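As structure tokens, the structure follows; a few thoughts come after it.
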Amino acid sequence: MKNLQALNLLPILALANLFIKISGSVSLRPVLTGRDKAYLNSRVLFQCVVPDSSLKTTFELIKDGGLLIDKKTNDQGNQTASFYQKVTTTSEGSYHCKAKTGEGTGISNSIRFSAVTPASNTRVTSVPSPAVAFEGSRIVLSCDTKGSHLSYTWFFNRKEITSSTSSLLNATGNKLVMERVTPGHAGYYYCMAWSIAYNTKRFSSSAEVKVEIKVYVSTPRISFSIFKEGDRYRGNVTCWSSRGTPPVNFSLSLDDREEGSVIVAESLAAWFLVPMELNLDMGVARCRVKNEVQELLSEPLTLEVVPVGGDVKVEVEHLYRSDFGLAGARLSCQVSRGTFPYVTWLLNDSALLPETHEDSHIQPVLPHYTLVDHRRTLILTELGPEVIGYYRCRARDSFDDSGAWVESASVPLRVTEVIAIIFCCFLLLTLAAAVACVYRKFGREQAHAHSATTNPSPDTLPLSVTVFQSGGSQANTSSVELCSSSA
Numbered sequence: 128m129k130n131l132q133a134l135n136l137l138p139i140l141a142l143a144n145l146f147i148k149i150s151g152s153v154s155l156r157p158v159l160t161g162r163d164k165a166y167l168n169s170r171v172l173f174q175c176v177v178p179d180s181s182l183k184t185t186f187e188l189i190k191d192g193g194l195l196i197d198k199k200t201n202d203q204g205n206q207t208a209s210f211y212q213k214v215t216t217t218s219e220g221s222y223h224c225k226a227k228t229g230e231g232t233g234i235s236n237s238i239r240f241s242a243v244t245p246a247s248n249t250r251v252t253s254v255p256s257p258a259v260a261f262e263g264s265r266i267v268l269s270c271d272t273k274g275s276h277l278s279y280t281w282f283f284n285r286k287e288i289t290s291s292t293s294s295l296l297n298a299t300g301n302k303l304v305m306e307r308v309t310p311g312h313a314g315y316y317y318c319m320a321w322s323i324a325y326n327t328k329r330f331s332s333s334a335e336v337k338v339e340i341k342v343y344v345s346t347p348r349i350s351f352s353i354f355k356e357g358d359r360y361r362g363n364v365t366c367w368s369s370r371g372t373p374p375v376n377f378s379l380s381l382d383d384r385e386e387g388s389v390i391v392a393e394s395l396a397a398w399f400l401v402p403m404e405l406n407l408d409m410g411v412a413r414c415r416v417k418n419e420v421q422e423l424l425s426e427p428l429t430l431e432v433v434p435v436g437g438d439v440k441v442e443v444e445h446l447y448r449s450d451f452g453l454a455g456a457r458l459s460c461q462v463s464r465g466t467f468p469y470v471t472w473l474l475n476d477s478a479l480l481p482e483t484h485e486d487s488h489i490q491p492v493l494p495h496y497t498l499v500d501h502r503r504t505l506i507l508t509e510l511g512p513e514v515i516g517y518y519r520c521r522a523r524d525s526f527d528d529s530g531a532w533v534e535s536a537s538v539p540l541r542v543t544e545v546i547a548i549i550f551c552c553f554l555l556l557t558l559a560a561a562v563a564c565v566y567r568k569f570g571r572e573q574a575h576a577h578s579a580t581t582n583p584s585p586d587t588l589p590l591s592v593t594v595f596q597s598g599g600s601q602a603n604t605s606s607v608e609l610c611s612s613s614a
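Right, dumping it as structure tokens:
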């Protein structure tokens, strides 16, 4: 009976012994510590620790794929093993350690290690190259460098570019993308490539690269002037664009025949000289502007100069404020014939303004006077005693100082005339109101008379007769009183 009981306990004892061995193996839990990245050619320390163990332990440092890097045995029961490694390009990978004792084996956690190569030889490249493009185009800058595990920072005109500083610049990886560039993108760019390993930052900066944004040239405009050279006349044809990036090429054609061409590098205007004859159509001129992507033509312009002559007259227009108060007057010098008239003004037979050759569109001259439309219009901003009198204008060819003047008749401008104009306007308004009132009353009386005919009344009949049959002041007075009462 006792032997049978002993045989029944054997399996239980075997399981218990196996459990003890397994428990001893599982309780061996090594821990690997160390950096996850370090710079190339530096030294890195990995430590493998087995807590709560005083047995002789063998430590192995193993890289991914089962490659044994180093092995150490601790005969004194030390719980820690240190592994020093020089970082090379082959050091990158996943590491763990294995600890072995007489009671079992344990595997540690893993550390993913990166071998960091510092940035060097950093420079900026561009597409297109060089970094020159027209507005609306796309430019991509790249920060090219040697190194690994790098981050990038971009600078525009020596200020760091961030997502909050510019929505038109998109920095992704080592690239800076500019979509639909504008002139505001023009400037100097550079990049910085950098890395951090164990609180140590190393960086490499590029040189600055200039980004140029070209503006499309606008449709050219054309004008011309004339000057006298000895006994002959020459025309000066001007071609210009209001916007664009030079250099551009301007050319002039006359009746579809090219007369000249010039490349301008700093401005957007060019001048061409052509022979001229008075009273003769010299042809149709057009300007052409070209750059590497555009070719535009101006409107046609007929080159013909008619000398000043014919009748000259002054037209006066009174100017009023929004509250209908008189603000001033505008005097226009109407020259019936002449392509380039030069106009001067006289007040009471004395020159009102200096006779200069300035030909601006708007030319302030004296406190109460302003010249506009190339001196052809004189604006009086106040109607005081100093501007009252007789005005006349005279004109001659602007290109011939010795040419004859043609003059207008004198036109009076007086304060009394201005007051008379205001009074006449007021009188006309009063008369119009009175006529409307009488017409309204007349309609009422006709309706009343018709009612009295069909149904006579002793009170209404005399009144109707008094209003429409009596003369003199009585009739007038009655009309006004009735109009006032009806209102």
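The end of the sequence shown is residue 614 by the working numbering, with every number in the run present. We put the beta carbon where it would ideally sit given N, CA and C, even for glycine. From a predicted model like this one, the values you see are computed outputs, not experimental measurements.
Assign Tyr469 to buried or exposed, taking buried as 16 or more other Cβ atoms, counted over all protein chains shown, within 10 Å of its Cβ.
-> Within the sequence shown, the letter at position 342 stands for residue 469. The residue in question, Tyr469, is buried, as its Cβ has 16 or more Cβ neighbours within 10 Å.
Closer than 6 Å: is that where the CB of Ala298 sits relative to any heavy atom of the ligand SAM?
-> In the structure on display, the ligand SAM does not appear, and there are no ligands present to speak of.
Please state whether DSSP places Val214 in a helix, a strand or coil.
-> Counting from one through the sequence shown, the residue named residue 214 turns up at place 87. Residue state, collapsed to three classes: coil.
Alpha-carbon to alpha-carbon, Phe526 and Thr504 = Start at 1 with the first residue of the sequence shown, and residue 504 comes out as number 377. Start at 1 with the first residue of the sequence shown, and residue 526 comes out as number 399. If you take the alpha carbons of Thr504 and Phe526, they lie about 20 Å apart.
Quick one, which of Leu268, Arg250 and Asn284 has its alpha-carbon nearest Gly274's?
-> Taking the sequence shown and counting its residues from 1, the one referred to as residue 274 is at position 147. Selection Leu268, Arg250 and Asn284 evaluated against Gly274 yields Arg250 as nearest (Cα-Cα).
Mind checking Lys129: buried by the 16 CB within 10 Å criterion, or exposed?
-> Reading the sequence shown from its first residue, position 2 is the one you call residue 129. Caution is warranted here: a pLDDT of 47 is assigned to Lys129, below 50, making its placement in the model unreliable, and no coordinate value can be reported.
State the DSSP-derived secondary structure class of Arg448, mapped to helix, strand or coil.
-> Start at 1 with the first residue of the sequence shown, and residue 448 comes out as number 321. The answer is coil: DSSP assigns Arg448 none of H, G, I, E or B.
Per-residue burial, Glu187 [other beta carbons within 10 Å of its own, 16 or more giving buried] = Within the sequence shown, the letter at position 60 stands for residue 187. Answer is buried; the Cβ neighbour count reaches 16.
Inspect the beta-carbon positions of Asn297 and Tyr279 and report whether they are closer than 7 Å.
-> Taking the sequence shown and counting its residues from 1, one reaches residue 297 at position 170. Taking the sequence shown and counting its residues from 1, one reaches residue 279 at position 152. It is not a contact, given that the beta carbons lie outside the stated cut-off.
Would Phe354 pass as a contact of Cys366 if the rule is Cβ separation under 7 Å?
-> The sequence position of residue 354 within the sequence shown is 227, counting from 1. The sequence position of residue 366 within the sequence shown is 239, counting from 1. Contact: no.
Per DSSP, what kind of secondary structure is Ala246 in: helix, strand or coil?
-> One-based indexing of the sequence shown puts residue 246 at position 119. Coil.
Got a sec? Which residues, its chain only, sit under 6 Å from His445 by beta carbon, not counting five neighbours each side?
-> On the sequence shown, position 318 is the one that residue 445 refers to. Apart from the 5 residues on each side of it in sequence, His445 sits with its Cβ closer than 6 Å to the Cβ of Ala456 in its chain, given in chain order.
CA nearest to the CA of Val433, picked from Tyr325, Pro157 and Ser352 | Translated into positions along the sequence shown, residue 433 becomes position 306. Nearest of Tyr325, Pro157 and Ser352 to Val433, Cα basis: Ser352.
Quick one, which of Ser169, Asp358, Leu159 and Asp500 has its alpha-carbon nearest Pro245's?
-> Within the sequence shown, the letter at position 118 stands for residue 245. When each option's Cα is compared against that of Pro245, the closest is Ser169.
When Ala454, Ser529 and Ser463 are compared against Gly511, the one with the closest alpha-carbon = Numbered from its first residue, the sequence shown carries residue 511 at position 384. Answer by Cα proximity: Ala454.
For the beta strand (DSSP E) that contains Gln461, what are its first and last residues?
-> Here residue 461 corresponds to residue number 334 of the sequence shown, with the count starting at 1. Taken as a continuous stretch (DSSP letters only), the beta strand (DSSP E) holding Gln461 covers Leu453 to Arg464.
Neighbour-count burial assignment, Ser150, 16 or more Cβ in a 10 Å radius | Your numbering for residue 150 matches position 23 in the sequence shown. Annotation note: pLDDT 46 at Ser150 (below 50); position unreliable, coordinate value reported separately. Classification of Ser150: exposed, given that the 10 Å Cβ count is below 16.
Residues in its own chain within less than 6 Å of Lys440 by CB, not counting five upstream and five downstream?
-> One-based indexing of the sequence shown puts residue 440 at position 313. Cβ within range, chain order: Gln461 and Ser535.
Run through DSSP, which three-state label would Leu379 get?
-> Walking along the sequence shown from the start, residue 379 turns up at place 252. Strand at Leu379.
Report yes or no: do three or more beta-carbon pairs, one from the region 228-247 and one from the region 192-210, lie closer than 8 Å?
-> no
Can you name, in chain order, every residue of its own chain whose Cβ lies under 8 Å from the Cβ of Tyr616, other than the five neighbours on each side?
-> With the chain represented from 128 up to 614, any question about residue 616 goes unanswered, as that position is not in the structure.
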